[in-house]
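Chains as they are written, first to last, in the working numbering: chain U, 19 to 369; chain E, 6 to 326.
Ideal placement from N, C-alpha and C gives every residue a C-beta, glycine not left out.
Written below as structure tokens is the structure these notes are about.
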Amino acid sequence: MVQSFLTTMPPPVAGAATVEAGASAREPYARAFQWMLLARHLDDKLASLYRGGKIIGGVFLGRGQEALSAALGMQLRPGDLFAPLIRDLAGRLAFGESVLDVVRTHLGSVLGPMRGRDGNVHRGRPKAGVLPMISHLGAMVSVVNGALMARRFRGEHGHIGAASIGDGGTSTGSFHEALNQAAVEKLPLVVVVADNQFAYSTPSSRQFACRDLLDRAAGYGVTGHSADGTDLGSCLDAISRAMAFARGGRGPQMVVAKLLRLCGHGEHDDGAYVESRLKRAPAGRDCVRVAESHLVKLDWASAETVKQWRATAVQQVEDAVATAQREPLPDPAKDDWRALSEARFAGTHEA
Amino acid sequence: MSITYLEAIRAAQARALEQDPRVFIYGQDVGAFGGAFKATKNLARDFPGRVLDSPISEDAIVGAAIGAAMDGMRPIVEMQFADFSSVAFNQIVNQAATLYWRTRVPCPITIRLPSGGTAGSGPFHSQSLEVIYAHFPGLVVMTPATVEDAYTMLLEAVAIDDPVIFCEHKFLYYHLKADRLPDESLPAGKARIARPGRDLSIVTYSAMLHESLAVAEELAGQGSEIEVVDLRTVKPLDTDTVMASVARTGRLLCVGESWPWGGVTAEVVARVAADGFGLLDAPPQRLNCKDTPVPFHPNLWTAHRPTARSIASAARDLLRL
């Protein structure tokens, strides 16, 4: 399913194989890191295009959240469901979204999945398991629940659904309703909370009063898993465990990762309200740099190999941008302007 | 044998469950209890595992229905009262209604809204919300007024590939009876001439159809022939049938139970005024409930909504113009 729209194949793990106790951890770590690199470079390019006035609408980056997002997207399997949010570029790519889909949607190419009818982070391909987010936070979780219920009705087992949310999104009624619903229905749902300390400009202290968002899991009757969002290994482990529990019939799982958003809410926002002490704190580490150091330190990849991966990522991004920039934009004369799928309703709705 | 409007809704759901394995029902108390109005009575027993009680979470109920529909199912959601659909408003208008437009993936969900006033129900169990949902692109809004339509239109709603807001009127649940259920009917989006006439067109829908038919009967005894048009589906709105009726009578009175600001009656009047001005012998008129929340006490409630009495008065005024 997912493969059908893959144009970015998972990058191969290059470099000499290291035979040691942690060797089995090396492969997913290195693979996830390459998705992180690709996402980081694509984000950088989108930011640059935004500053150059080439992007239609806003740009929202996942900078600082790549480890968590890649660990999520990469460990989903074809046939699983994924409802990403705005900082999930790495996870989307790792789950099979093409770089071209990302760029097309930002540049407004009519060949993109949303054909100019919706933009940037709202892209998705439901038939490939990627649900296109609406802007109302928390609203996607119950949609994943419903798709999982559909599979259960049909007697299809083994697939899970994942939904991303931020610390701010956990405050919505929609999120509460959906997590409770998933627990009541014992659905194989993995909710991943990126506690990045700010919802737009609002700090966590004005968002919730519990000690840790993880404490909420027990209240819903779901299992909670904690992760260090700046540490790829921690993210891979926590999400792997949560997914194994969900696939194994243990109901919804909630992963909470502490990290810091290393950008503004969107590129229109300089994030000046984020105090520098937070940036210097452990949660303010850049997960890409941390992972790179880890790879090199354990000799899982040489500095030269990382350099090659980086060059590959940059090239993929440049190629996609060059392609999408030559593509046609939406033409109002060619759009069918139909909000309903049934042809018999065409033209019946306008006054 | 006689079948009520409510029994027709139950029968349509039973048939939908029987003929299509993709159909399931989801809502509060719809399972073993059979629903607040018993519209799903015995369905959980007859279709095990396919009629599910939900938590009191309208947003998540509709969200889950949307997800299931995206994944190939045909969910029917029962809102316990139309009024509570406001909690699910975001999922309905932003998720369900935009899905096809955004992704080309249809969203075949049916949301049943037990709608409209009954004596003693008050502000939060009496609302008619068809206008709100009709305002948003991407939704079909049905307002069946007869037992036959309640049955066939609900089956059609389930079969339609797009989200359908099915506004069933609680006042009609027990009062309205038919001898048998039909196999076919006019398709969605087609209005029906409920009573032919030549002096005045009353265009209406849902429970107000019956108030209007009573007026037509009363005025027939006084020498006026009222044509009554039942819109059936308020979106799409069958402008052609309305315009043809006005062409015959030259006079339009549009009646709706919902609030007066904007809405179905305003839309009908606007369309006739814009496209059929030359057909009119008098200014087009409309009648709605009062612009206040729906009152609790029957003395207030009967004065709040249009009734045969207030419709007859408006019709007489219009006939004199």
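Going by DSSP in three states, His-283 (chain U) sits in which element: helix, strand or coil? If DSSP states are grouped into helix, strand and coil, His-283 (chain U) belongs with coil.
Proximal residues to Ile-104 (chain U) (C-beta, below 7 Å), its chain only, five neighbours per side dropped: So the qualifying residues of the chain are Phe-78, Val-139.
Under a CB-based cut-off of 7 Å, is Ala-165 (chain U) close to chain E? Yes, its Cβ sits closer than 7 Å to a Cβ of chain E.
Going by C-alpha to C-alpha distance, which of U:Val-117, U:Ser-116, U:Arg-303, U:His-124 sits closest to Arg-69 (chain U)? The residue with the shortest Cα to Cα distance from Arg-69 (chain U) is U:His-124.
What distance in whole Å lies between the Cβ atoms of Pro-131 (chain U) and Gly-147 (chain U), which are believed to be in contact at a cut-off of 8 Å? That pair is no contact at about 13 Å.
Whole angstroms is fine: what's the gap from Gly-142 (chain E)'s alpha carbon to Leu-358 (chain U)'s? Sequence inspection shows Pro at residue 142 (chain E); the Gly mentioned does not correspond to that position. C-alpha separation (whole angstroms): 8 Å.
Using a Cβ cut-off of 7 Å (strictly closer), state whether Ser-182 (chain U) contacts chain E. For Ser-182 (chain U), no CB of chain E lies under 7 Å from its own CB, so it is not counted at the interface with that chain.
Return the CA-CA distance between Gly-40 (chain E) and Ser-315 (chain E), expressed in angstroms with no decimal places. A straight-line Cα-Cα distance of about 34 Å links Gly-40 (chain E) and Ser-315 (chain E).
Using a Cβ distance threshold of 8 Å, determine whether the segment 302-315 of chain U contacts the segment 84-100 of chain U, with at least three qualifying pairs required. In the pairwise beta carbon analysis, the segment 302-315 of chain U is classified as touching the segment 84-100 of chain U: at least three pairs are separated by under 8 Å.
Which full runs of the alpha helix (DSSP H) of 4+ residues lie inside the segment 191-231 of chain U, going along the chain? 191-203, all fully within the segment 191-231 of chain U.
Taking just the CA atoms, how far does Val-210 (chain U) sit from Ala-342 (chain U)? Going by the C-alpha atoms only, they are around 31 Å apart.
Chain U contact residues for Ile-165 (chain E), given Cβ-Cβ distances below 7 Å: In chain order: Glu-360.
Could you list which residues in chain E have their beta carbon closer than 9 Å to that of His-175 (chain U), in chain order? Within 9 Å Cβ-Cβ: nothing; His-175 (chain U) doesn't reach chain E, min ~14 Å.
Residue environment, His-180 (chain E), which counts as buried when at least 16 other CB atoms sit within 10 Å: Burial state of His-180 (chain E) is exposed, judged by a 10 Å Cβ sphere holding fewer than 16 other Cβ atoms.
Could you spell out the range, first to last residue, of the beta strand (DSSP E) harbouring Asp-246 (chain U)? Segment 241-246, the beta strand (DSSP E) holding Asp-246 (chain U).
Run the CB neighbour count on Asp-353 (chain U), radius 10 Å, all protein chains shown included, and call it buried at 16 or more, exposed below. Within 10 angstroms of the beta-carbon of Asp-353 (chain U) lie fewer than 16 other beta-carbons, which makes it exposed.
Under 9 Å from the C-beta of Gly-154 (chain U): neighbouring residues of chain E: Residue identity check: residue 154 (chain U) is His in the sequence provided, not Gly. In chain order: Asn-95, Gln-96, Asn-99, Gln-100.
For a contact meaning CB atoms closer than 9 Å, what does Val-145 (chain E) contact in chain U? Per Cβ cutoff of 9 Å: Leu-358, Glu-360, Phe-363.
Grouping DSSP H, G and I as helix and E and B as strand, with all else coil, what is Thr-9 (chain E)? Assigned with DSSP and collapsed to three states, Thr-9 (chain E) falls in strand.
Suppose contacts are defined by Cβ-Cβ distances below 7 Å. Is Arg-256 (chain E) in contact with Leu-205 (chain E) by that definition? Yes. Within cutoff.
DSSP has Asp-58 (chain E) in a bridge; who is on the other side? As a beta-bridge residue in DSSP terms, Asp-58 (chain E) pairs with E:Gly-32.
Quick one, which residues of the segment 168-189 of chain E are near chain U if we go by CB-CB under 8 Å, in chain order? Result list empty, no residue passes.
Determine, using beta carbons only, whether Gly-32 (chain E) and Glu-83 (chain E) come nearer to each other than 7 Å. In this structure, Glu-83 (chain E) lies closer than 7 Å to Gly-32 (chain E) by Cβ.
Can you pull the chain E neighbours of Val-210 (chain U), defined as C-beta to C-beta under 7 Å? Result: empty, since nearest Cβ-Cβ is about 17 Å, beyond 7 Å.
Tell me which residue opens and which closes the alpha helix (DSSP H) that Cys-294 (chain E) is part of. Neither: Cys-294 (chain E) is in no alpha helix (DSSP H) and is coded neither H nor E.
Of all the options U:Leu-155, U:Ala-112, U:Val-117, U:Leu-254, which has the alpha carbon lying nearest to the alpha carbon of Pro-96 (chain U)? When each option's Cα is compared against that of Pro-96 (chain U), the closest is U:Ala-112.
Runs of beta strand (DSSP E) lying entirely within the segment 75-132 of chain E, each at least 3 residues, in chain order: Listed in chain order, the complete beta strand (DSSP E) runs (minimum 3 residues) inside the segment 75-132 of chain E are 79-83, 115-120.
With DSSP as the reference, label Val-292 (chain U) as helix, strand or coil. DSSP places Val-292 (chain U) in the coil class of the three-state scheme, outside both helix and strand.
Could you check what DSSP says for Thr-244 (chain E) in three-state terms: helix, strand or coil? Three-state result, Thr-244 (chain E): helix.
Report the CB separation of Ala-48 (chain U) from Leu-296 (chain U) in whole angstroms; it is logged as a contact under 8 Å. Not a contact, Cβ separation roughly 30 Å.
Return the CA-CA distance between Leu-280 (chain U) and Asp-304 (chain U), expressed in angstroms with no decimal places. Cα to Cα, Leu-280 (chain U) sits roughly 8 Å from Asp-304 (chain U).
Can you check DSSP and say which residues form a bridge with Phe-100 (chain U)? Partner(s): U:Val-148, U:Ala-180.
Considering only residues of the segment 328-358 of chain U, which uninterrupted beta strand (DSSP E) runs meet the minimum length of 3 residues and lie entirely inside it, listed in chain order? The qualifying runs do not exist here; there are none.
According to a CB-to-CB cut-off of less than 8 Å, which residues of the segment 269-297 of chain U neighbour chain E? Contact residues of the segment 269-297 of chain U toward chain E are absent (C-beta to C-beta distance below 8 Å).
Under a three-way DSSP split, which group does Ile-74 (chain U) fall into? In this structure, Ile-74 (chain U) counts as coil in the three-state DSSP scheme.
Could you tell me whether any Cβ in chain E is nearer than 7 Å to the Cβ of Ala-196 (chain U)? Yes - at least one Cβ of chain E is within 7 Å of the one on Ala-196 (chain U).
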